[in-house]
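Numbering (the numbering used here), first residue to last: 593 to 679. Cβ atoms here follow ideal geometry from the backbone N, Cα and C, with glycine treated the same way. Being a predicted model, the structure only gives us computed values, none of them experimental. Data block below; observations after.
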Amino acid sequence: MDATDQNGNPSGSGNRNQNAQTQDAEALTFHAEMAKLNADLDRYKENIARMVAAVGNDEHKRAEIERNLEKIEQLKAAKHTDGLSKS
593 MDATDQNGNP SGSGNRNQNA QTQDAEALTF HAEMAKLNAD LDRYKENIAR MVAAVGNDEH
653 KRAEIERNLE KIEQLKAAKH TDGLSKS
């Protein structure tokens, strides 16, 4: 006969349930943080695009802005890869 707790549930089932609930809460928090980061990155990208339009034909400034846009894309790609491994 298997051991049971005071409520008649199999021993350890409460801990497993609590662990599952904790993992669910952590997953929700993680996904909310990822959504916020995505929104932040999109906002930064839009701001940089506006700056590019404002700079016009200044090639040095445009090149600097383009490098920053590339860095944002790299960070976003790395974040998605990291996010996939955590989910």
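Pull up the distance between the alpha-carbon of residue i and that of residue j, whole angstroms please.
i    : j    : result
K668 : E651 : 25 Å
M643 : A617 : 39 Å
Q613 : A631 : 27 Å
L620 : N649 : 45 Å
Once the 5 residues before and after residue i are set aside, which same chain residues still bring their CB inside 6 Å of it?
i    : result
L661 : I640
V647 : K653 and R654
Do residue j and residue i come within 7 Å of each other at the CB atom, strictly closer than that value?
i    : j    : result
K637 : I664 : yes
Does residue i have its Cβ less than 7 Å from a Cβ in chain C?
i    : result
Q615 : Any reference to chain C falls outside this structure, which holds one protein chain only.
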